[in-house]
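Enquirer: Have a look at this one before I ask anything.
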Ligand code: RTP
């Protein structure tokens, strides 16, 4: 992917976000911003996938509870594409702890507890590549162009 506009990120609406009916709102925010949905699926993530996804946090005291929370119901996994989508995706999510998330962000609008913070977003381009490969098969990623790109880029 040499085109910087083709940067991709991995987002997942966590089980609390799915249960609270926030999938549509989160998709809408990224669509309206001008990002392109490349893949999406509702899935009950297996624990080994979640443990791998969060392996860098395995020494944290909240790791076990985090994996249990993420395995407690279906998540909506997505891949989004566009200019600086990794950094902008994190900005749109808001700070990890919702009490520090600005109103107007997803977490800042919808939650108050770090253990129920609605949505995951990759924290770096390399992390996004690892997470996309972990959650999606190549054939699940849709390679397409917007019919008319001039209104966003
Ligand atoms: P995420 O991976 O979910 O997007 O979150 P993040 O990068 O903003 O934050 P990270 O430090 O990677 O933490 C991953 C998730 O672990 C839960 N967490 N609980 N003190 C706690 O109880 C605590 N700290 C973090 C949150 O669900 C956080 O999103």
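In UniProt numbering, the protein residues as written are 1 to 153. Just so you know, even glycine gets a beta-carbon here, dropped at the ideal spot from N, CA and C.
#1: Per DSSP, which residues does residue 80 bridge with? Please list them.
#2: Quick check: does the Cβ of residue 114 come within less than 7 Å of any heavy atom belonging to the ligand RTP?
#3: Near residue 56, which residues of its chain fall below 7 Å by C-beta distance, leaving aside the five closest residues on each side in sequence?
#4: Quick one: is residue 16 buried, meaning 16 or more other Cβ sit within 10 Å of its Cβ, or exposed?
#5: Is the beta carbon of residue 18 less than 8 Å from the beta carbon of residue 119?
#6: Quick check on the burial criterion: 16 or more other C-beta atoms within 10 angstroms. Buried or exposed for residue 81?
#7: By the DSSP assignment, the alpha helix (DSSP H) with residue 65 in it spans what residues?
#8: According to DSSP, simplified to helix, strand and coil, what is residue 96?
Expert: The structure says:
#1: 9, 37
#2: yes
#3: none
#4: buried
#5: no
#6: buried
#7: Following the DSSP letters along the chain, one finds residue 65 inside the alpha helix (DSSP H) bounded by residues 63 to 70.
#8: coil
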